[in-house]
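Report on the following structure.
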Amino acid sequence: MTEHQQSRAMDRIKAAATVRRGLITTAIGLVGLAATIVLVQLYTPTEARQGLAQKIFYLHAPTAWSTLLAFSLCGLAGGLYLWLRDPRLDVFAESSAEVGLVFAAMMLSTGPLWGKPIWGTFWQWEPRLTLTLLEVFLFIGYRALRGAIVDPSERARYSAIVGLLGLALVPFVHLSVYLFRTIHPQPIVLKPSAPSLPWEMLRTLFFSLAVFTVLYLGFVTARYGLGLLRQSRSTEHAD
Amino acid sequence: MIDLLRHGLAIAAKDLRVELRSRTALVTAIAFAALVLVIFNFARDPAGARTIDLAPSILWVTITFASMLTFNRAFALEKENAALDGILLSPMPRGALFLGKYLANLAFVATVTAITLPLFVLFFNVSLGGALPGLLAVAVLAIAGFVAVGTVFSAMAVRTRFAELMLPVLLLPFLVPPIMAAVQVTSRLLAGRPLLEQAAWLKILGVYDVVFLTLSAMIFPALVDE
Amino acid sequence: MPLLAATGIERSFGSARVLRGVDIAVEPGTLQLILGPNGAGKTTLLRILAGLTRPSAGRVVLDGSSLRESPALRGRIGFLSHQSLLYDDLTPLENLEFAARLYEIAAPREAARKAIESVGLTDRMNDPVRRLSRGMVQRVAIARALIHEPSVLLLDEPFTGLDPRAAARLVELLSARLATHCGVVLVTHSPADAWSIASRVGLLVRGKWVIDEARPADLQAFMSRASGAFGD
Numbered sequence: 001m002t003e004h005q006q007s008r009a010m011d012r013i014k015a016a017a018t019v020r021r022g023l024i025t026t027a028i029g030l031v032g033l034a035a036t037i038v039l040v041q042l043y044t045p046t047e048a049r050q051g052l053a054q055k056i057f058y059l060h061a062p063t064a065w066s067t068l069l070a071f072s073l074c075g076l077a078g079g080l081y082l083w084l085r086d087p088r089l090d091v092f093a094e095s096s097a098e099v100g101l102v103f104a105a106m107m108l109s110t111g112p113l114w115g116k117p118i119w120g121t122f123w124q125w126e127p128r129l130t131l132t133l134l135e136v137f138l139f140i141g142y143r144a145l146r147g148a149i150v151d152p153s154e155r156a157r158y159s160a161i162v163g164l165l166g167l168a169l170v171p172f173v174h175l176s177v178y179l180f181r182t183i184h185p186q187p188i189v190l191k192p193s194a195p196s197l198p199w200e201m202l203r204t205l206f207f208s209l210a211v212f213t214v215l216y217l218g219f220v221t222a223r224y225g226l227g228l229l230r231q232s233r234s235t236e237h238a239d
Numbered sequence: 240m241i242d243l244l245r246h247g248l249a250i251a252a253k254d255l256r257v258e259l260r261s262r263t264a265l266v267t268a269i270a271f272a273a274l275v276l277v278i279f280n281f282a283r284d285p286a287g288a289r290t291i292d293l294a295p296s297i298l299w300v301t302i303t304f305a306s307m308l309t310f311n312r313a314f315a316l317e318k319e320n321a322a323l324d325g326i327l328l329s330p331m332p333r334g335a336l337f338l339g340k341y342l343a344n345l346a347f348v349a350t351v352t353a354i355t356l357p358l359f360v361l362f363f364n365v366s367l368g369g370a371l372p373g374l375l376a377v378a379v380l381a382i383a384g385f386v387a388v389g390t391v392f393s394a395m396a397v398r399t400r401f402a403e404l405m406l407p408v409l410l411l412p413f414l415v416p417p418i419m420a421a422v423q424v425t426s427r428l429l430a431g432r433p434l435l436e437q438a439a440w441l442k443i444l445g446v447y448d449v450v451f452l453t454l455s456a457m458i459f460p461a462l463v464d465e
Numbered sequence: 466m467p468l469l470a471a472t473g474i475e476r477s478f479g480s481a482r483v484l485r486g487v488d489i490a491v492e493p494g495t496l497q498l499i500l501g502p503n504g505a506g507k508t509t510l511l512r513i514l515a516g517l518t519r520p521s522a523g524r525v526v527l528d529g530s531s532l533r534e535s536p537a538l539r540g541r542i543g544f545l546s547h548q549s550l551l552y553d554d555l556t557p558l559e560n561l562e563f564a565a566r567l568y569e570i571a572a573p574r575e576a577a578r579k580a581i582e583s584v585g586l587t588d589r590m591n592d593p594v595r596r597l598s599r600g601m602v603q604r605v606a607i608a609r610a611l612i613h614e615p616s617v618l619l620l621d622e623p624f625t626g627l628d629p630r631a632a633a634r635l636v637e638l639l640s641a642r643l644a645t646h647c648g649v650v651l652v653t654h655s656p657a658d659a660w661s662i663a664s665r666v667g668l669l670v671r672g673k674w675v676i677d678e679a680r681p682a683d684l685q686a687f688m689s690r691a692s693g694a695f696g697d
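Residue numbers (my numbering), protein chains in the order written: chain A, 1 to 239; chain B, 240 to 465; chain C, 466 to 697.
Structural data, given as structure tokens:
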């Protein structure tokens, strides 16, 4: 084997190891998820006013967190790519975007499940939901752009730009929707859930946040490994 | 700094000259704006919600969508005969290219706004009162930021096969904060409230403009240089 | 002391390796011909030398630094592409005035006028480029490439679309430039046009030099040798 082929083989082995690491982390996360559900059902008090349906909050809120995490890391990885031009950063950014889309889908589907019994409507234009919805559109635009550009380095540069600008958009969306709702109070007021929760609920929430962070790490690591494998396969054809 | 401005103006002047010769983008955008206003008029139920409640939204959606039609022009014209290469070959700083395209786009959007606003007042029987200066101020603040992002995205979109579709898909999420702010301020102004009362929204617009203009200008060289 | 030197140039587009390690130096007062089949990487190489495309590996140096480090050095390079780099709706005068401004030439309008005169198109200088014939457009493009008096000239198939008189005029123009110690790199499919003024000739096949030598006297002999290499 030439030195060139040897280093390619090493890359593939490392990529496969990354995928394995990701899958193991995901498995741990899924166990944690099961534990969270148990925690929510058996060890967390039921909220007086909203009743049993409120419990989906412990699964719903962390998905928003994971979406934002995925989105932010995608933008940051893009920014780093523009600076360092390391193609692996682009693979990571792409992976984070895909994973983010998955979490966003989870968030937007659990939201209405919670919303209907508690708010009386399937949807509300509140900061978190609105932001996540816009993040979905940005992800879709990101993927559409990637699909439309053939040259890998051009694709990486352009996606990085969209990711970075998208990240900069986040605080403005949050602020605008917040200001909008302050001026136009909605009939059903959404309590800012974290600060005014009793300890048992906070504990469950934090645990769930940790679990969803682990799930994010697991998904993105596995996807990153797969992305590296795909990239090494395509450059292989060149030799 | 002066150099940058000089170069930027040279590019903007060239763009405006080309547009004056071919007159495609601007005329299309203005016709679009006028048609949209007409359609909105027929799309409302006279017995339903009061027009004045919806009017600011109609105004701003029309202006921003018509403006988007003009953005692709900026880099589509450089694609013919690879003219962009001609600019990139020269020692001119890439920031000046961004500035030039941005200024040209601003000029087009300002023209679209200048024509849409009177049409809007006419078609929807809006009484401006003393709101005009405030409206103009909001207009300037609202378009400054999203034109910057539109300039960056149109440079990318023209390199894909579906530029007309790609640009709105990328750009529309970025319109949410400015449109929200513009509509809120406009509706207060039309109700006779003073401009400075809307300080919170104006601040959001101002910060949005500064952030996105700066980011777009900084990111642009990475876009055009391989 | 070369005007421009490129070493170890590689370039891939995705999985396609277009240039696989190419060196080239542009010496003052010399003209190099680059020949090769389509897809050999000739245009890519020229674009890399012009600073339009970034190489995947290797370096391009003018006067000790690269174009990326010292953008002002771009003013030393003139590039003639397959495409005219002109705005169809503007006149040759307006196009060249714009180019003169890009290169910060003093009195841009005057410089534009002189450049148009040098390619013999004064009578059409106020007609939009859209209305000019292919050969005339090529002449305006040549004027544009030379307007800032670059010391390095990179030409991508400049004789395409030129009638014999215009081709002869171009050769005259190039000779004049060579006399002022410019360096020229000329990619072509028809080496006969500039054979007499060339000092080096290279054959690029699939991203590598197959021939890279001083220009031999006999064109026919060279072409038969080259077509053997083309066939690979």
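Cβ atoms here follow ideal geometry from the backbone N, Cα and C, with glycine treated the same way.
Residues of chain B with a Cβ closer than 8 Å to the Cβ of Phe137(A) are, in chain order, Val408, Leu411, Pro412. In the three-state reduction of the DSSP assignment, Gln548(C) falls in the coil class. In the DSSP assignment, Trp83(A) falls within the alpha helix (DSSP H) that extends over 57 to 84. In the DSSP assignment, Arg539(C) forms no beta bridge with any residue. Under the Cβ criterion (8 Å, minimum of three pairs), the segment 168 to 175 of chain A counts as touching the segment 125 to 137 of chain A.
Between Thr355(B) and Ala420(B), the CB-CB gap reaches or exceeds 8 Å. By the neighbour-count criterion, in which a residue is buried when 16 or more other Cβ atoms sit within 10 angstroms of its Cβ, Tyr447(B) is buried. Taking a Cβ-Cβ threshold of 8 Å, the residues of chain B close to Ser176(A) are Val415, Pro416, Met419, Ala420, Ile443, in chain order.
Between Leu39(A) and Thr204(A), the CB-CB gap stays under 8 Å.
By the C-beta criterion, the segment 337 to 352 of chain B is judged to be in contact with the segment 308 to 325 of chain B, since at least 3 inter-stretch pairs fall below 8 Å.
Within the same chain, Cβ atoms closer than 6 Å to the Cβ of Ala564(C) are found at Arg609, Ile612, the five residues on either side in sequence being excluded. Rounded to whole angstroms, Val652(C) and Ile581(C) show a C-alpha spacing of 24 Å. Residues of chain C with a Cβ closer than 9 Å to the Cβ of Ser234(A) are, in chain order, Gly479, Ser480.
Going by beta carbons, Thr309(B) and Phe347(B) fall inside the 8 Å limit. For a cut-off of 8 Å, the C-beta gap from Val594(C) to Gly543(C) is around 19 Å, too long to register as a contact. In the three-state DSSP reduction, Gly486(C) falls in the strand class (E or B). Ile291(B) has its alpha-carbon roughly 19 Å from the corresponding atom of Leu274(B). DSSP, reduced to helix, strand and coil, places Ile149(A) outside both helices and strands of the structure shown, so it counts as coil.
Gly32(A): member of the alpha helix (DSSP H) spanning 3 to 42, first to last residue.
Residues of chain A whose Cβ lies closer than 8 Å to the Cβ of Val388(B) are, in chain order, Leu165. For the 8 Å CB-CB criterion, Thr132(A) and Thr67(A) form a contact. Between Gln437(B) and Val424(B), the C-beta gap is smaller than 8 Å, which places the two residues in contact.
For Trp674(C), the secondary structure class from DSSP, reduced to helix, strand or coil, is strand.
A distance below 8 Å between beta-carbons, with the five flanking residues on each side excluded, links Phe624(C) to the following residues of its chain, in chain order: Ala632, Leu635, Thr653, Ser655, Asp658, Ala659.
Within the segment 69 to 100 of chain A, no residue has a Cβ lying closer than 7 Å to any Cβ of chain C. Counting the other CB atoms within 10 Å of its CB gives Leu84(A) a total below 16, which places it among the exposed residues. Residue environment analysis places Ser234(A) among the exposed positions, since fewer than 16 neighbouring C-beta atoms fall within 10 angstroms of its C-beta. Per DSSP, Ile241(B) is one residue of the alpha helix (DSSP H) stretching across 241 to 261. In summary, Gln497(C) is buried, with 16 or more beta-carbon neighbours lying within 10 Å of its beta-carbon over all protein chains present. An exposed status is given to Trp199(A), since fewer than 16 other beta-carbon atoms sit within 10 Å of its beta-carbon.
Its Cα nearest to that of Pro536(C), the residue Gly516(C) stands out among Thr587(C), Gly516(C), Asp553(C). Listed as beta-bridge partners of Leu620(C) by DSSP are Leu545(C), Leu651(C). With respect to the C-alpha of Thr350(B), the residue from Gly373(B), Leu429(B), Thr267(B) having the closest C-alpha is Thr267(B). Contact between the segment 375 to 390 of chain B and the segment 143 to 153 of chain A is absent: fewer than three C-beta pairs spanning the two stretches fall below 8 Å. Shown in chain order are the members of the segment 553 to 582 of chain C whose Cβ falls below 8 Å from a Cβ of chain B: Asp553, Asp554, Leu555, Glu559, Phe563, Ala564, Arg566, Leu567, Tyr568, Glu569.
Taking C-beta atoms as the reference points, Leu374(B) and Leu428(B) count as a pair closer than 8 Å.
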